[in-house]
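Trainee: Quick one: this structure, given as structure tokens, is what I'll be asking you about.
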């Protein structure tokens, strides 16, 4: 599991709390983790924890902010890299999977539940990351990397499906290395099954 990089400006004890919380939330989700468990894992007192956060949901929101901000910064760095378009798509798939794995299924389930205090955050996060993807693909289409007749909603739908497919158990068996899987899916999406014209 990749730990989100905490903002270096944050106090050390706050960083310890966020790191411990991410590990626990990854395994158990937010609902099944108490502030006491987070404090014990982080090696800080409850008084110190309550100095920064009101409860475990507040900790989860701050931890997700760190994770998402790190992901957005990585995406923006990738956008300005001088690499081929297909390599950027591969990196996008890898970043999407890395973010999902960093959150973990238990926390993701807590975020997606409509009665969850994190549900609104989850919807906002989806909008923010979707906007980045749309801007990337629109720019790529304008630069001639994507066929001009391809409709953007179709492209985004296919990209979402590929993000799910990259971790499919059967695909993992066929191709164990995640980078290889992301590369194959990126190539399939943008080059299809047909041979390149001579």
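Numbering (our numbering), first residue to last: 155 to 352.
In this text, a Cβ means the ideal position worked out from N, Cα and C, and glycines have one as well.
1) On a CA-only basis, which of 239, 272, 248, 179 is nearest residue 293? Give me that one, please.
2) Using 8 Å as the threshold, is the C-beta distance between residue 311 and residue 258 below it?
3) Name the two residues that bound the continuous alpha helix (DSSP H) containing residue 297.
4) Indicate the three-state DSSP secondary structure (helix, strand or coil) for residue 348 in the structure shown.
5) Have a look at 316, 304, 168 and flag the residue whose alpha-carbon is nearest the alpha-carbon of residue 220.
6) Check whether the segment 333-345 and the segment 232-252 are in contact - that is, three or more C-beta pairs closer than 8 Å.
7) Note down the Cα distance separating residue 317 from residue 230, rounded to an integer number of angstroms.
8) Can you find the residues in the same chain that come closer than 6 Å, C-beta to C-beta, to residue 350, ignoring five residues on each side of it along the sequence?
Mentor: Quick look at the numbers:
1) Along the chain shown, read from residue 1 onward, the residue named residue 293 stands at position 139. For the residues 239, 272, 248, 179, the minimum Cα distance to residue 293 belongs to 239.
2) As a first step, residue 311 must be located in the chain shown, where it is residue number 157. As a first step, residue 258 must be located in the chain shown, where it is residue number 104. No, Cβ-Cβ distance for residue 311 and residue 258 is not below 8 Å.
3) For the purposes of this step, residue 297 is taken as residue 143 along the chain shown, with counting starting at 1. From DSSP, residue 297 is part of no alpha helix (DSSP H); its letter is neither H nor E.
4) By 1-based counting over the chain shown, the position of residue 348 is 194. Because the pLDDT at residue 348 is just 41, under 50, the model does not fix this residue reliably, and the value given afterwards should be weighed accordingly. The answer is coil: DSSP assigns residue 348 none of H, G, I, E or B.
5) Within the chain shown, the letter at position 66 stands for residue 220. The option with the nearest alpha carbon to residue 220 is 168.
6) yes
7) The count along the chain shown starts at 1 and reaches residue 317 at position 163. The count along the chain shown starts at 1 and reaches residue 230 at position 76. Approximately 19 Å between the Cα atoms of the pair.
8) Counting from one through the chain shown, the residue named residue 350 turns up at place 196. Because residue 350 carries a pLDDT of 46, less than 50, the predicted location of this residue cannot be relied on, and the following value inherits that uncertainty. Same-chain partners within the cutoff: there are none.
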